[in-house]
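Reminder that position 69 of the sequence shown reads as 69 in my numbering, one-by-one numbering, no gaps.
Glycine is no exception: its CB is placed at the ideal position from the N, C-alpha and C atoms.
All values reported here derive from a predicted model rather than from experimental measurement.
Comments concern the structure below.
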Amino acid sequence: MGLKTPLHDTHVAAGARLVDFGGWDMPVNYGSQIEEHHAVRRDAGMFDVSHMLIADVTGARVRDYLRYLLANDVAKLKEPGKALYSCMLNEQGGVVDDLIVYFINESWFRVVVNAGTRDKDIAWLKRYSDQFQVDIRPRTDLAMIAVQGPNARAKAATLIGERATEALQLKAFFGRDFFDREGQPYFIARTGYTGEDGWEIMLPVADAPKFWSDLRAAGVAQCGLGARDTLRLEAGMNLYGNDMDENLSPLESGLTWTVAFDPAERDFVGRAALEAQRAAGVKRKLVGLVLEDRGVLRSHQRVVAPGVGEGELTSGTFSPTLEKSIGFARVPVATGDRVEVDIRGKLLPARVVKYPFVRNGKPLIS
Numbered sequence: 001m002g003l004k005t006p007l008h009d010t011h012v013a014a015g016a017r018l019v020d021f022g023g024w025d026m027p028v029n030y031g032s033q034i035e036e037h038h039a040v041r042r043d044a045g046m047f048d049v050s051h052m053l054i055a056d057v058t059g060a061r062v063r064d065y066l067r068y069l070l071a072n073d074v075a076k077l078k079e080p081g082k083a084l085y086s087c088m089l090n091e092q093g094g095v096v097d098d099l100i101v102y103f104i105n106e107s108w109f110r111v112v113v114n115a116g117t118r119d120k121d122i123a124w125l126k127r128y129s130d131q132f133q134v135d136i137r138p139r140t141d142l143a144m145i146a147v148q149g150p151n152a153r154a155k156a157a158t159l160i161g162e163r164a165t166e167a168l169q170l171k172a173f174f175g176r177d178f179f180d181r182e183g184q185p186y187f188i189a190r191t192g193y194t195g196e197d198g199w200e201i202m203l204p205v206a207d208a209p210k211f212w213s214d215l216r217a218a219g220v221a222q223c224g225l226g227a228r229d230t231l232r233l234e235a236g237m238n239l240y241g242n243d244m245d246e247n248l249s250p251l252e253s254g255l256t257w258t259v260a261f262d263p264a265e266r267d268f269v270g271r272a273a274l275e276a277q278r279a280a281g282v283k284r285k286l287v288g289l290v291l292e293d294r295g296v297l298r299s300h301q302r303v304v305a306p307g308v309g310e311g312e313l314t315s316g317t318f319s320p321t322l323e324k325s326i327g328f329a330r331v332p333v334a335t336g337d338r339v340e341v342d343i344r345g346k347l348l349p350a351r352v353v354k355y356p357f358v359r360n361g362k363p364l365i366s
């Protein structure tokens with residue numbers, strides 16, 4: 001028996017197939033995983049993401065603290081509610097976790113970290129907290145539901161009361177408190193992990209089952225982790241533990257864009273290691289692959305780059321939108337536009353492409 005989110009009984013009652021995910025009992029699907037995927041691409045779907053950890057970081061020096069702790073620079077966050085995606089690194093430049101941080105005010109930021117790393121992340125956050133005199137408060141009183149898809153915000157807005165119009169005007173990658181019809185604060189962020197528009201809604205644990213039920217009544221489809229994985233891979237989004245981990249730097253994981261090397265005078269954990277790696281030249285890169293033969297790409301499959309060397313699939317799946325098999329692979333930096341993938345002892349041809357593969361419901365590759 002694993003850990004349970006506040007929506008566990010709701011999932012059981014709906015007939016969800018539950019699996020272990022990072023120590024949590026989570027729904028992988030409620031029926032057809034393909035239909036759940038298409039619901040998000042074409043209309044609206046929702047995911048229980050309450051297994052992820054929300055933590056509030058507060059104190060007079062919280063901005064200095066996060067500028068040191070994160071590879072991206074929270075100095076970019078000037079407007080209340082603005083969010084930033086970043087990696088949190090160790091001294092060797094490896095990724096402790098990736099996260100989203102929200103600027104609430106000058107003494108209060110909110111971070112959302114991954115489920116499987118939550119205990120490690122809290123310990124890492126606290127490792128430097130005394131130095132900057134900040135307080136780390138895990139918000140275990142909050143659940144989180146992601147509502148994603150072209151019609152997701154409009155359908156969810158019918159449930160949040162008189163400020164629905166204001167919520168619908170929330171800009172991308174912003175979050176702030178709103179109120180439901182009973183006056184409870186709901187933190188609504190225009191963020192997600194699917195490549196579609198939508199909200200991630202943080203709400204009181206006690207409210208989560210009813211809000212989930214109301215979303216179903218509003219025409220939002222229940223979706224599990226299976227669809228979440230195919231959606232995020234189509235959208236070109238990394239999965240921690242697959243596409244990056246503590247032994248891999250952002251420079252090897254397609255995440256150089258998340259590292260703020262400027263200003264040069266800002267020190268952050270792992271900076272020296274990244275600078276050394278950048279100066280020496282990165283030896284591996286993360287690329288997108290499209291299989292050009294029958295079969296399905298899966299993580300850990302061997303990738304052969306003719307005349308260059310070998311690499312490995314880090315993520316792979318059948319894309320319901322493209323009706324092709326796609327994946328991420330970490331390969332030698334000199335790899336060209338064609339590789340071969342070892343699938344059950346056969347080397348099958350694959351094309352190297354720039355990801356994302358799909359965004360806002362539209363295929364970006366042929």
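* Asked: Skipping 5 residues on each side, what residues in its chain have a beta carbon closer than 6 Å to that of residue 236?
  -> Closer than 6 Å at Cβ, skipping near neighbours: 355, 356.
* Those residues which DSSP pairs with residue 319 across a bridge -> Note: residue 319 sits in a beta bridge opposite 324.
* **Reduced DSSP secondary structure (H/G/I, E/B, other) of residue 277** => Here DSSP, grouped into helix, strand and coil, assigns residue 277 to helix.
* Asked: Just to confirm, are residue 98 and residue 240 a CB contact at a threshold of 7 Å?
  -> In this structure, residue 240 lies closer than 7 Å to residue 98 by Cβ.
* Which residues DSSP lists as bridging residue 7, in chain order -> None, per the DSSP bridge assignment.
* By a C-beta neighbour count over all protein chains shown, 10 Å radius and 16 as the cutoff for buried, is residue 366 buried or exposed? -> Result: exposed.
* Residue span of the beta strand (DSSP E) that contains residue 148, given as start and end -> Residues 142-148.
* Asked: If you count every other CB in all the chains shown that lies within 10 Å of the CB of residue 140, and 16 or more means buried, which is it?
  -> Label assigned to residue 140: exposed.
* **Option in 346, 327, 261 with minimal Cα separation from residue 70** => When only C-alpha atoms are compared, the closest one is 261.
* Can you have a look at residue 307 and say buried or exposed, based on whether 16 or more other CB atoms are within 10 angstroms of its CB? => Residue environment analysis places residue 307 among the exposed positions, since fewer than 16 neighbouring C-beta atoms fall within 10 angstroms of its C-beta.
* Tell me whether residue 131 sits in a helix, a strand or coil according to DSSP, three-state version. => Helix, per DSSP.
* Asked: Could you check where the alpha helix (DSSP H) with residue 209 kicks off and where it finishes?
  -> Residues 208-217.
* When we look at the beta-carbon of residue 283 and count the other beta-carbons within 10 Å, is it buried (16 or more) or exposed? -> The residue in question, residue 283, is exposed, as its Cβ has fewer than 16 Cβ neighbours within 10 Å.
* Asked: Mapping DSSP to helix, strand and coil, what is residue 113?
  -> If DSSP states are grouped into helix, strand and coil, residue 113 belongs with the strands.
* Endpoints, alpha helix (DSSP H) assigned at residue 337 -> Careful: residue 337 lies outside any alpha helix (DSSP H) and carries neither H nor E.
* Do residue 44 and residue 152 have their C-beta atoms closer together than 7 Å? -> Yes, the Cβ-Cβ distance between residue 44 and residue 152 is below 7 Å.
* Taking C-beta to C-beta, are residue 72 and residue 86 nearer than 7 Å? -> In this structure, residue 72 places its C-beta atom within 7 Å of the C-beta atom of residue 86.
* With a 10 Å radius around its C-beta and 16 neighbouring C-beta atoms as the bar for buried, classify residue 12 as buried or exposed. => By the 10 Å Cβ count, residue 12 comes out exposed.
* Can you tell which of 335, 133, 100, 246 has the C-alpha that lies nearest to the C-alpha of residue 55? -> With distances taken between Cα atoms, residue 55 lies closest to 100.
* To do: Assign residue 137 to buried or exposed, taking buried as 16 or more other Cβ atoms, counted over all protein chains shown, within 10 Å of its Cβ.
  => Taking all protein chains shown into account, residue 137 has fewer than 16 neighbouring C-beta atoms within 10 Å of its C-beta and is therefore exposed.
* Asked: Should the stretch 185-199 be called in touch with the stretch 303-323, which here means at least 3 C-beta pairs below 8 Å?
  -> Counting Cβ pairs under 8 Å, fewer than three are found: no touch.
* **Supposed close pair residue 95, residue 52 - CB separation, criterion 8 Å** => Contact doesn't hold; Cβ gap of about 16 Å is too wide.
* Asked: Roughly how many angstroms lie between the CA atoms of residue 17 and residue 29, to the nearest whole one?
  -> Straight-line Cα distance between these residues: approximately 6 Å.
* **Whole-Å CB distance - residue 156 paired with residue 50, under 8 Å assumed** => About 16 Å; that fails the 8 Å criterion.
* Simplified DSSP state of residue 31, which is helix, strand or coil -> Note: residue 31 maps to coil in three-state DSSP.
* To do: State the DSSP-derived secondary structure class of residue 226, mapped to helix, strand or coil.
  => In the three-state reduction of the DSSP assignment, residue 226 falls in the helix class, which pools H, G and I.
* Taking residue 166 as part of the alpha helix (DSSP H), name the residues at either end of that continuous run. => Taken as a continuous stretch (DSSP letters only), the alpha helix (DSSP H) holding residue 166 covers 164-168.
* Asked: residue 169: which of 150, 180, 183, 190 sits nearest, CA to CA?
  -> The residue with the shortest Cα to Cα distance from residue 169 is 190.
* **residue 250, buried or exposed, once every other Cβ within 10 Å from all chains shown has been counted against 16** => Buried: at least 16 other Cβ atoms inside 10 Å.
* **Collapsed DSSP secondary structure at residue 371 in the structure displayed** => As displayed, the chain neither begins before 1 nor continues past 366, which places residue 371 out of reach and without an answer.
* **Burial state of residue 62, where buried means 16 or more other Cβ atoms lie within 10 Å** => Buried.
* For residue 179 versus residue 161, is the C-beta spacing smaller than 7 Å? -> Pairing residue 179 with residue 161 gives a Cβ-Cβ distance under 7 Å.
* Taking contact to mean at least 3 C-beta pairs separated by less than 8 Å, is the stretch 331-349 in contact with the stretch 18-28? -> They do not touch, by the three-pair rule.
* To do: Report the residue from 276, 2, 290, 79 whose alpha carbon sits nearest the alpha carbon of residue 171.
  => For the set 276, 2, 290, 79, the Cα lying nearest the Cα of residue 171 is the one of 79.
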